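Numbering (this note's numbering), first residue to last: 5 to 119. Glycine included, each C-beta is placed from N, C-alpha and C at the ideal position. Model, not experiment: these values are computed from the prediction. Notes follow once the structure below has been shown.
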């Protein structure tokens, strides 16, 4: 049975579990990155959407140099969930670079913290 495109919904056995809110410590100033072709014109292809939790996981692990365990604790999620966010974020970034597509950082209702 297909349900609505939400993260949780009524299934065949009842409502699913709501996702645990993730703590996001960094709010990017820019939310859209558009590549330019060799003529200096912006590329007009369908964008790739990166979720804030994927960006935060990438930032904590690859920019801040935290281990996956430390980053997961900082975001209030399990290490497995952090690994999935890293994997999804890396795949999306590589796809955007290889296919020369714009990157859009989606807005969400995650828990935002001031660092």
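Collapsed DSSP secondary structure at residue i in the structure displayed
i	result
residue 6	For residue 6, the predicted structure reports a pLDDT of 47, less than 50, and the residue's modelled location is therefore unreliable. A value from the coordinates is still provided. It is coil, neither helix nor strand.
residue 27	strand
residue 98	helix
Classification of residue i by the beta-carbon crowding that lies within 10 angstroms, buried from 16 upward
i	result
residue 103	exposed
residue 96	buried
residue 19	exposed
residue 34	exposed
residue 60	buried
residue 86	buried
Sub-7 Å separation of residue i and residue j beta-carbons
i	j	result
residue 53	residue 110	yes
residue 70	residue 62	no
residue 22	residue 81	no
residue 47	residue 56	no
residue 105	residue 49	yes
Contact belief for residue i with residue j at Cβ below 8 Å, rounded distance in angstroms
i	j	result
residue 98	residue 51	The pair is not a contact, with the Cβ atoms about 15 Å apart (cut-off 8 Å).
residue 84	residue 58	Their Cβ separation, rounded to whole angstroms, is 15 Å, which puts residue 84 and residue 58 out of contact at 8 Å.
Residue i - partner residues in DSSP beta bridges
i	result
residue 108	36 and 53
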